[in-house]
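Trainee: The numbering of the sequence shown is numbering that gives the first Met the number 0, which starts it at 0 and goes up by one.
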Amino acid sequence: MGRSKAAKAQQVAEDAWDTLVSGWETARDRTGDFSSHTQDRVGTVTDEALRRATAAYEALAGRRNKLPWGLLIAGVAVGAVAGFVAATVVNRVPDFPALGEEDITDTDITRTA
Numbered sequence: 000m001g002r003s004k005a006a007k008a009q010q011v012a013e014d015a016w017d018t019l020v021s022g023w024e025t026a027r028d029r030t031g032d033f034s035s036h037t038q039d040r041v042g043t044v045t046d047e048a049l050r051r052a053t054a055a056y057e058a059l060a061g062r063r064n065k066l067p068w069g070l071l072i073a074g075v076a077v078g079a080v081a082g083f084v085a086a087t088v089v090n091r092v093p094d095f096p097a098l099g100e101e102d103i104t105d106t107d108i109t110r111t112a
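1. Could you give the distance in angstroms between the alpha-carbon of R50 and the alpha-carbon of E57?
2. Tell me the rounded alpha-carbon separation between L70 and V77.
3. Between A54 and N64, is the Cβ-Cβ spacing less than 9 angstroms?
4. List the endpoints of the continuous alpha helix (DSSP H) containing S34.
5. Out of curiosity, what's the CA-to-CA distance linking V80 and V41?
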C-alpha cells in the first residue's frame, strides 16, 4: 500500500523543482520591475544632468538663456482672456443703489444683564 522509496524520492524532487522554478520566476519578475523603475529614474536624472550641463556651458561661454517665447505668449493670452471674462461679468451685474447718509439710521443697543 505504501509507495516505493523511488516514487517518494521522485515526488520530493518534483516538489523541490517546482519550488525552485517558482522562486526563480518571482525573482525574475521582481528584478525586471526594479530594473524598469531604475531605468526610468536614471533616464530622468540623465536628462536633467544634460540640461544643467548645457546651461552651465552656455553661461560660461557668456551666452544668455533663451526666453521661452511660447510660454510667455501663452501666459499673456490666458491673462487677456481672463481679463475680458472678468470685465464682461462685471458689466452684466446689475447696479445696486448706493447707500446715502439718509439710508443709515442709528440703532439704540440696550444691554440686559
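Even for Gly, the Cβ is constructed at its ideal location relative to N, Cα and C.
Mentor: On the basis of the supplied data:
1. The straight-line gap from Cα to Cα measures roughly 11 angstroms.
2. Roughly 10 angstroms separates the two Cα atoms.
3. Cβ atoms of A54 and N64: closer than 9 angstroms.
4. K4 to L59
5. 40 angstroms
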